[in-house]
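Remarks on the structure that follows.
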Amino acid sequence: MKGLIYRDFCLVKKNWIPVFCISVGAVIWNILVQLSFEYGNFKKYLLDDPNDTSGAGEVSRVMIYYIGLYMIPYLALILMDTLSVVRADLPVKWATNRKIFPVTALQWTVSIYSIKVIGLLIAIILFLINGSIMAHMTGNIFGIYEFNNMLLFACFYLAFDWVQMAFMVRVRTEKEMNSAAASPLLVLIPMFALAYPKCKSYAFKLETLFPEDAEIEVQERISQTKGLLQSEFGVYRDAVAPYLWLIVLALFALGFYLTYLGIKRREK
Amino acid sequence: MKGLLYKELVQNKIMLVAVGLCCIFSSFFMGILPFMAVMAEGDDLSNDASFTVIMMIFITVLDYFFLLCFQGNFFQTDERKKWAYFIASSPETSVGQVRSKYFLVIICDMGVLIWSYFFENIANPIQGTITGTTVISGLLFFVHLFLSAFDIPFMIRFGAKGGNMVHTVMFVLMIAVGGIYLLFGDLSFFDSIDDFYDKILNFLHGENISDWLYFWLGLFIWISMGCYWLSYRLSCKFYLKGVEHYAK
Amino acid sequence: MQNKKQEWQRVGIFFLLSYAIAYIPEITLGWKMGDYENWTDPDMLGWFLFVTFSPAIAVVLTRYITKEGWKDSLLHINLKGNLKYYMLSVFFLIAFELPRGITANLMAGEPPFAGFTVPKFFGILLMTAGMSIPLAFINFGEELGWRGYLYPKLEKLIGVPGTVIIGGIVWGLWHAPLTVKGHNFGTDYPGFPYLGLVLMSLFCISTGTFLMWLTKKTNSVYPASIAHSINNNSAGAVAYSLASEKIEEDTIDLFQHSAITMGYMLILAVVFTILILKDSKKQKTPAES
Chain Z
4 MKGLIYRDFC
14 LVKKNWIPVF
24 CISVGAVIWN
34 ILVQLSFEYG
44 NFKKYLLDDP
54 NDTSGAGEVS
64 RVMIYYIGLY
74 MIPYLALILM
84 DTLSVVRADL
94 PVKWATNRKI
104 FPVTALQWTV
114 SIYSIKVIGL
124 LIAIILFLIN
134 GSIMAHMTGN
144 IFGIYEFNNM
154 LLFACFYLAF
164 DWVQMAFMVR
174 VRTEKEMNSA
184 AASPLLVLIP
194 MFALAYPKCK
204 SYAFKLETLF
214 PEDAEIEVQE
224 RISQTKGLLQ
234 SEFGVYRDAV
244 APYLWLIVLA
254 LFALGFYLTY
264 LGIKRREK
Chain R
658 MKGLLYKELV
668 QNKIMLVAVG
678 LCCIFSSFFM
688 GILPFMAVMA
698 EGDDLSNDAS
708 FTVIMMIFIT
718 VLDYFFLLCF
728 QGNFFQTDER
738 KKWAYFIASS
748 PETSVGQVRS
758 KYFLVIICDM
768 GVLIWSYFFE
778 NIANPIQGTI
788 TGTTVISGLL
798 FFVHLFLSAF
808 DIPFMIRFGA
818 KGGNMVHTVM
828 FVLMIAVGGI
838 YLLFGDLSFF
848 DSIDDFYDKI
858 LNFLHGENIS
868 DWLYFWLGLF
878 IWISMGCYWL
888 SYRLSCKFYL
898 KGVEHYAK
Chain W
1120 MQNKKQEWQR
1130 VGIFFLLSYA
1140 IAYIPEITLG
1150 WKMGDYENWT
1160 DPDMLGWFLF
1170 VTFSPAIAVV
1180 LTRYITKEGW
1190 KDSLLHINLK
1200 GNLKYYMLSV
1210 FFLIAFELPR
1220 GITANLMAGE
1230 PPFAGFTVPK
1240 FFGILLMTAG
1250 MSIPLAFINF
1260 GEELGWRGYL
1270 YPKLEKLIGV
1280 PGTVIIGGIV
1290 WGLWHAPLTV
1300 KGHNFGTDYP
1310 GFPYLGLVLM
1320 SLFCISTGTF
1330 LMWLTKKTNS
1340 VYPASIAHSI
1350 NNNSAGAVAY
1360 SLASEKIEED
1370 TIDLFQHSAI
1380 TMGYMLILAV
1390 VFTILILKDS
1400 KKQKTPAES
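Protein chains in written order, with the numbering used here: chain Z, 4 to 271; chain R, 658 to 905; chain W, 1120 to 1408.
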């Protein structure tokens, strides 16, 4: 079992090292940006700008805080991707010869999913470190609301992932590999189709809220947009928020079960 | 060496044509078409020299960027163990092979510089401003040489993929250093946009340039030439070690 | 005899083409644009490109018309064993023209090295010399014509001293429309424009000899292109970086200054003519024996 997990680690190493470096780099970058708001050019040109009466500097600081916060899970969740394991196994025909090893289908599945779980844990740790430091520097809140948003990202990734895993365990050739890599579209397209009418109505309401010639303060714009986002999308988010951990576990379990079934069927 | 250089040009002709087409099309689409469209509407952009200069500088940087991106393919075409051992056993030896690669890079660099010069002479009459961006192109020639000096030994030692990784790391480092400077450095240069454009135009026309700027730029030019030669010597030593990394 | 006649024909065709391709736009634009100050209009750029490459265009057309081919084209780099000549092409003219800066100071009653500061002198030297190397392609257009075609042909027909003088005069008079408009020495000197043309020809004779020597030593036009680029962009700038800051650029009387330094420049012509003749003798003596 240990050997299998070690093998999978060696195969994902090439993908993990750059992703991990980029994620850590992004954390450092966020900290530098906030330091610039404290002591650097952002403080000089945005916060202390005498021509700025509407508080646009403060607003930009808050916006940059949130962008920096949610950039990390977006980048780091790529660590959960195990496509590189399957790609590396193809030339040596590992999948074809899997059944001759004294390893059960359950053990194979656990070794693949252990990588995903470790990837998710690393993403969460980086997110927590980044969020805590930035919140401390900016005085913004970093609590369960932000953490739940991060879990929403994870849910989206896992939704694509269980479809992809179902295809990936059946892969024998490079061609099948490519269709496995494109399989998340099966989830993405219906998702977009469902979200499209909602997004269209949101855009229409935003246009009505802010007519072209209207002179509205930046703070007012931000708060009205936030209110509209909450009323259009936030209600759904709030509804699933208490159950996000369960949804993440359920998606993991679904993917695990489909992968196990796929490997078991291959062995026959 | 002449034979090897001829082989390089023939072998990589598709890549060379690709780089050439990228440079030509990007230059025309960004450097001439907008101005012709403005002129067709009866307007005149010759008063807006700042836009023209920034656009021409951007086009020049983009041309060298295309070359840097395609450069790895010049080394990938010869990543064959059979070829490597054959050329090492020939009178040319691996030194000749490496030398032909380095010459190819210089020829492509010169090609982009010559294109920049010709394009400036074609575009400036249409744009209505003498931009003087050949100076920038000349400096970027040496910047490209300097970056290639770090890039090429890695490509020879670890294969084109290894070299491309070095590319990426170099770009990221440059962007990071630039970003940190923007966050904390002295930005008084950009305080007044009009002064900023005037300073760029003065630099391009060789007016009001500080002596120390001349000195450091001049030193950089000769250092980049020295680095390129040192890189060539290093690559000659690495060539046969790098052959072990080739897949075929 | 037939060969000599054919060579003279080729020289004649090249001469006519290079002058026509350069003169026609220059004279037309000169008449249209007026004084040389107006020649910095953006519309002039495209034409200058044409004029700069007119000797190269003339060579291509001449070789095509006379069906000469490109066997003796001197287009190979020939770096092996010639690195020292490439280095000379970069640094020799800079060093040789340094006294021009010193004489500018002396003419203004200043100490000889009045304007020397480390960042200024070395900055201009490093920057202009370095940049002149890749930008030598601009002067390649001229060198392919003069040192790559005309000078070798004239040498076969009228010998080295004749080539040096006639080649220099041809090259100098090729600049005539620009000299007449004030590009080289301005317009405010006695005997304008005729003395200016004479001075330009003398200058081309002296520099042309060095370029000819470089071409013969390396069997390539590229060192001459680099040296020409250095001469145009770097040598003067480095020399005048020694000039005192009290001397304004526009108070230096270019004509007077060039005339005074011409004697010194002609030493270049004499020395390198002797060197070329010596090399020719060395090459002939083994063949004769």
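Where a beta carbon is used, it is the ideal one built from N, C-alpha and C, also for glycine.
| query | DSSP three-state call for Val106 of chain Z: helix, strand or coil? | reply | coil
| task | Using a cut-off of 7 Å between C-beta atoms, extract the partners of Phe145 of chain Z located in chain R. | result | Under the 7 Å cutoff, chain R gives no residues; its nearest Cβ is about 22 Å from Phe145 of chain Z.
| task | Starting from the beta carbon of Gly828 of chain R, find every residue of chain Z whose beta carbon is closer than 7 Å, and list them in chain order. | result | Note that residue 828 of chain R is Phe in the sequence shown, not Gly. Listed along chain Z is no residue with a C-beta nearer than 7 Å to that of Phe828 of chain R; the closest approach is about 13 Å.
| task | Consider the Cβ of Phe841 of chain R: report whether some Cβ of chain Z lies at a distance smaller than 8 Å. | result | yes
| query | What did DSSP end up calling Ala1378 of chain W once you bin it into helix, strand or coil? | reply | helix
| query | Where does the unbroken alpha helix (DSSP H) through Pro29 of chain Z begin, and where does it stop? | reply | The displayed chain sequence assigns Ala, not Pro, to residue 29 of chain Z. Segment 5 to 42, the alpha helix (DSSP H) holding Ala29 of chain Z.
| message | Counting only C-beta atoms, is Thr1236 of chain W closer than 8 Å to chain R at any point? | response | yes
| Length of the line joining the Cα atoms of Asp1191 of chain W and Arg756 of chain R | 25 Å
| query | Touching or not, the region 203 to 210 of chain Z and the region 180 to 189 of chain Z, by the rule of three or more beta carbon pairs under 8 Å? | reply | no
| query | Is Gly1310 of chain W helix, strand or coil when you go by DSSP? | reply | Looking at Gly1310 of chain W - three-state DSSP - the assignment turns out to be coil, as it is neither helix nor strand.
| message | Between the alpha carbons of Gly1242 of chain W and Ser1360 of chain W, how many angstroms are there, rounded? | response | 10 Å
| field | CB-CB length for Leu1385 of chain W against Ser1325 of chain W, believed under 8 Å | value | Taking 8 Å as the upper bound for CB-CB distance, Leu1385 of chain W and Ser1325 of chain W are in contact here, some 5 Å apart.
| query | Which first and last residues belong to the alpha helix (DSSP H) in which Glu1262 of chain W is found? | reply | From DSSP, the alpha helix (DSSP H) with Glu1262 of chain W extends over 1256 to 1262.
| query | Is there at least one Cβ from chain R nearer than 8 Å to Ile1257 of chain W's Cβ? | reply | yes
| said: Does any residue of chain R have a CB that is nearer than 8 Å to the CB of Met1384 of chain W? | reply: no
| field | Cutoff 8 Å: Ala796 of chain R Cβ touching any chain Z Cβ | value | According to the sequence displayed, residue 796 of chain R carries Leu and not Ala. The beta carbon of Leu796 of chain R does not come within 8 Å of any beta carbon belonging to chain Z, so the residue lies off that interface.
| query | Cα-Cα, which of W:Ala1358, W:Pro1230, W:Gly1310, W:Tyr1270 is closest to Gly1327 of chain W? | reply | W:Tyr1270
| field | Nearest-angstrom Cα separation, counted from Pro1238 of chain W out to Pro1231 of chain W | value | 18 Å
| said: Please report the distance separating the alpha-carbon of Ser1320 of chain W from that of Val1130 of chain W. | reply: The straight-line gap from Cα to Cα measures roughly 19 Å.
| task | Report yes or no: is there a C-beta of chain C within less than 8 Å of the C-beta of Gly1220 of chain W? | result | Protein chains in the displayed structure are Z, R and W, and chain C is not among them.
| Secondary structure at Thr1286 of chain W, three-state DSSP: helix, strand or coil? | According to the sequence provided, residue 1286 of chain W is Gly. The question's Thr does not apply to it. In the structure shown, Gly1286 of chain W sits in a helix (DSSP, three-state: H, G or I).
| field | Cβ shell of Ser1408 of chain W (< 7 Å), same chain only, five flanking positions each side left out | value | Note on Ser1408 of chain W: pLDDT 44, under 50, position unreliable in the model; the coordinate value appears next. Nothing meets the Cβ criterion.
| When you compare only the Cα positions, how much space is there between Phe847 of chain R and Asp855 of chain R? | If you take the alpha carbons of Phe847 of chain R and Asp855 of chain R, they lie about 11 Å apart.
| task | Please confirm if the region 660 to 672 of chain R is in contact with the region 759 to 767 of chain R, defined as three or more CB-CB distances below 8 Å between the two stretches. | result | yes
| Is there at least one Cβ from chain R nearer than 8 Å to Gly43 of chain Z's Cβ? | yes
| field | For Lys1239 of chain W, the three-state DSSP class (helix, strand or coil) | value | Three-state DSSP puts Lys1239 of chain W in a helix.
| Could one say the Cβ of Ile1132 of chain W lies closer than 8 Å to chain R's Cβ atoms, at least one of them? | With respect to chain R, the C-beta atom of Ile1132 of chain W has no partner C-beta closer than 8 Å.
| Between Lys46 of chain Z and the rest of its own chain, which residues show a CB-CB distance below 8 Å, the 5 nearest in sequence each way excluded? | Ser39, Phe40
| query | So, using beta-carbon positions, are Ile266 of chain Z and Ala138 of chain Z closer together than 8 Å? | reply | no
| Using 8 Å as the limit for Cβ to Cβ distance, is Pro1253 of chain W near chain R? | yes
| query | Any idea what DSSP makes of Glu1407 of chain W, helix, strand or coil? | reply | In this prediction, Glu1407 of chain W has a pLDDT of 47, which is less than 50 and means its spatial position is unreliable; nothing more can be read from the coordinates.
| Nonlocal neighbours in the same chain, by C-beta distance under 6 Å from Ile813 of chain R, ignoring five residues either side | Excluding sequence positions up to five before and after Ile813 of chain R, its CB lies within less than 6 Å of the CB of Ser892, Phe895, Tyr896, Gly899, all in the same chain and listed in chain order.
| said: Just verifying my parser: in three-state terms, what is the DSSP assignment at Arg173 of chain Z? | reply: Coil, per DSSP.
| Enclosing alpha helix (DSSP H) for Asn778 of chain R [first to last residue] | 750 to 784
| request: Determine, using beta carbons only, whether Met1246 of chain W comes closer than 8 Å to chain R. | output: yes
| query | Taking 8 Å as the CB-CB limit, is Leu666 of chain R close to chain W? | reply | no
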